[in-house]
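Chains as they are written, first to last, in the numbering used here: chain A, 90 to 377; chain B, 90 to 377.
Ideal Cβ placement from N, Cα and C applies to all residues, glycine included.
Here the structure is laid out as structure tokens; the discussion comes afterwards.
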């Protein structure tokens, strides 16, 4: 009973309220909008599991253009793997040897798309956090943090960044990582964030941790080979995955934010009075 | 090369500076102090791996007394398991059936040790976060958050809490969980936090995610059986693990905090200007 009730109470912490409840924070059916096919990149591992990245083409256009070219060239389909798992930090994948030539047309030294002119938020959290003056939401499902009119994609759990060399290198986009622990916001504005794992992150976060320095696997046999990476738009229509983001430009979303900032119900006796953006990531779901 | 340099740069984000570097944030040898044997609780899984919890006896005395009694009675040695793995949230363990009688002397309804009178901090972070007016450090290696003179142990990655029923239940301490994702600070002041996993959390965080609601395993066969839980003080001297916390009551620690708030070095071009307590957890290490 304890587990069940705890589970039921904690459900409030991880999922939208049930559709049956007529809460001010409940979305309307029209609040769910399809993620465009060319923003969905599906990586499939040799073990048969896959994970899907939504690409942030608006915020990191040159890096995302690179990633699309690499996917079109089927660059990740041979010789790549998940080669680094550092606990409470990142899973990283690509070509562990870094010897594989990039695909034609890939910009090897993209500009530092670490932040951009904004704001593009349509809703914001009530309180600041130590990493930015404000944090909030784009209309279409992206978390954003900012100082004044400059904004950026924050390093939250599941966000995808581009591994890079020392500054001013930016990385091409061939080597990617996602956050699998407490959100390392100190990386904000220091690395290009290009997307978010919106499905299947458990196939990365539950991989064995690497025993080498910083979680790199010490032998090739420990790596998880990648067998393909495909944009949904490159798949036959019948094979395309479908995901939806929740629009943020409406009073229901504002009520949802408030519900995250002050949890209610029989489990919570002390509401926090605030939330950080990584604890209130915009809802995304598989299309029903 | 890219990976290596990224790795080297990110090392600053996860480890203390190398001992060779004479930085103001470098600890003196005497800054490392042994964790008392009766604060170390070692759980061993049937797969041979183990993880160690440091118990916060000062901040949750009744719950920790319960946990010590359960360990002394070898309560976890039979019929218990890690039975819940919810991605980006918690790993939970104990008696999945909740039928097993508790050990003699265990207080079934402890007081709500969710916060306490303070402050007991000797150092603080520069900026507040959305969850508390301030956050900082006890002298002896505990992270703390607080409003005014009331303080509590925050729900950071690796912190251990007591699963409970709906309020005003508090849970006995037989069913425990640890955070394996972005720190769910909304739980602060709503659950008793009784410790921190200071070693071996990767054997929890890399377990397969449960496919039932909220990450509960749907079959008994998916659970990871626990074969023993022992206080270090109950082990033969030669078999005891030894860990050390870094004292926080000195200028070197203050400099360490500053180094976490504003990362430097050739990798970081934009310092954050702040850190949240869960991104700057007090250093703990195995005794050299």
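Per DSSP, the bridge partner or partners of residue i
i	result
residue 236 of chain B	B:239
residue 324 of chain A	The partner list for residue 324 of chain A (beta bridge, DSSP) is empty, contrary to what the question assumes.
residue 333 of chain A	A:123 and A:374
residue 210 of chain A	A:227
residue 317 of chain B	B:133
residue 359 of chain B	Its beta-bridge partners do not exist; DSSP assigns none.
residue 181 of chain B	B:173 and B:266
residue 141 of chain B	B:131 and B:288
residue 250 of chain B	B:266 and B:282
residue 221 of chain B	B:218
residue 342 of chain A	Answer is none; residue 342 of chain A lacks a bridge partner.
residue 205 of chain A	A:240
C-beta contact flag for residue i and residue j at 7 angstroms
i	j	result
residue 283 of chain B	residue 149 of chain B	yes
residue 272 of chain B	residue 271 of chain A	yes
residue 338 of chain A	residue 228 of chain A	yes
residue 332 of chain A	residue 373 of chain A	yes
residue 145 of chain A	residue 366 of chain A	no
residue 459 of chain A	residue 199 of chain A	Outside the displayed span of chain A (90 to 377) sits residue 459 of chain A, for which this structure offers no information.
residue 280 of chain A	residue 250 of chain A	yes
residue 307 of chain B	residue 301 of chain B	yes
residue 241 of chain A	residue 285 of chain A	no
residue 143 of chain B	residue 124 of chain B	yes
residue 176 of chain B	residue 298 of chain B	yes
Cross-chain neighbours of residue i in chain B, by beta carbon under 7 angstroms
i	result
residue 358 of chain A	256 and 279
residue 295 of chain A	295, 296, 297 and 298
residue 384 of chain A	In this structure chain A extends from 90 to 377, so residue 384 of chain A is not present and cannot be described.
residue 143 of chain A	Chain B residues near residue 143 of chain A: none, gap ~16 angstroms exceeds 7 angstroms.
residue 318 of chain A	Near residue 318 of chain A there are no residues of chain B at all, since even the closest Cβ is about 19 angstroms away, more than 7 angstroms.
Proximal chain A residues relative to residue i, where beta-carbon distance stays under 8 angstroms
i	result
residue 338 of chain B	Those within 8 angstroms of residue 338 of chain B in chain A number zero; the least Cβ separation is about 23 angstroms.
residue 163 of chain B	Those do not exist, as residue 163 of chain B stays about 21 angstroms from chain A at its closest Cβ, beyond 8 angstroms.
residue 246 of chain B	177, 270 and 271
Nearest-angstrom Cα separation, counted from residue j out to residue i
i	j	result
residue 376 of chain B	residue 126 of chain B	12 angstroms
residue 98 of chain A	residue 115 of chain B	Annotation note: pLDDT 43 at residue 98 of chain A (below 50); position unreliable, coordinate value reported separately. Rounded to whole angstroms, residue 98 of chain A to residue 115 of chain B spans 43 angstroms at the Cα level.
residue 322 of chain A	residue 239 of chain B	54 angstroms
residue 379 of chain B	residue 318 of chain B	For chain B, the structure presents residues 90 to 377; residue 379 of chain B sits outside this window and is missing.
residue 155 of chain A	residue 320 of chain A	13 angstroms
residue 359 of chain B	residue 356 of chain A	40 angstroms
residue 106 of chain A	residue 274 of chain A	With a pLDDT of only 47 at residue 106 of chain A, under 50, the local geometry of the prediction cannot be trusted, and the value read off the model is given with reservation. Those two C-alpha atoms are separated by around 28 angstroms.
residue 247 of chain B	residue 354 of chain B	28 angstroms
residue 362 of chain A	residue 174 of chain A	34 angstroms
residue 203 of chain A	residue 289 of chain B	34 angstroms
residue 129 of chain A	residue 141 of chain A	6 angstroms
residue 336 of chain A	residue 113 of chain A	15 angstroms
residue 164 of chain A	residue 147 of chain A	23 angstroms
residue 111 of chain B	residue 119 of chain B	16 angstroms
residue 364 of chain A	residue 328 of chain B	43 angstroms
residue 256 of chain A	residue 138 of chain A	34 angstroms
residue 345 of chain B	residue 186 of chain B	45 angstroms
residue 104 of chain B	residue 303 of chain A	Bear in mind that the predicted position of residue 104 of chain B carries a pLDDT of just 45, short of 50, making it too unreliable to give a figure here.
residue 122 of chain B	residue 276 of chain B	30 angstroms
residue 153 of chain B	residue 237 of chain A	46 angstroms
residue 244 of chain B	residue 305 of chain A	28 angstroms
residue 188 of chain A	residue 117 of chain B	42 angstroms
residue 222 of chain A	residue 190 of chain B	51 angstroms
residue 209 of chain A	residue 217 of chain A	17 angstroms
residue 192 of chain B	residue 350 of chain A	39 angstroms
residue 340 of chain A	residue 133 of chain A	38 angstroms
Amino acids of chain A, ordered along the chain, whose beta-carbon sits closer than 7 angstroms to that of residue i
i	result
residue 272 of chain B	271
residue 111 of chain B	Residues of chain A passing the Cβ test: none, with the nearest at roughly 22 angstroms.
residue 352 of chain B	275
Closer than 9 angstroms at the beta carbon, the chain A residues around residue i
i	result
residue 364 of chain B	219, 220, 274 and 275
residue 234 of chain B	The contacting residues do not exist; residue 234 of chain B stays about 10 angstroms from chain A at best.
Contacts of residue i in chain B (Cβ-Cβ under 8 angstroms)
i	result
residue 368 of chain A	271, 272, 273, 274 and 275
Beta carbon proximity, residue i to chain D, threshold 7 angstroms
i	result
residue 355 of chain B	The structure shown contains no chain D; its protein chains are A and B.
Using 8 angstroms as the Cβ pair cut-off and three pairs as the minimum, do the region 175-195 of chain B and the region 262-272 of chain B touch?
yes
Decide if the region 286-293 of chain B is in contact with the region 201-216 of chain B; the criterion is three or more beta carbon pairs, one per stretch, under 8 angstroms apart.
no
Assess, as a yes-or-no matter, whether the region 250-264 of chain A is touched by the region 155-165 of chain A under the definition of 3 or more beta carbon pairs within less than 8 angstroms.
yes
With a cut-off of 8 angstroms, do at least 3 Cβ pairs link the region 307-321 of chain B to the region 161-178 of chain B?
yes
Using 8 angstroms as the threshold, is the region 232-246 of chain B in touch with the region 360-371 of chain B, meaning 3 or more CB pairs across them?
yes
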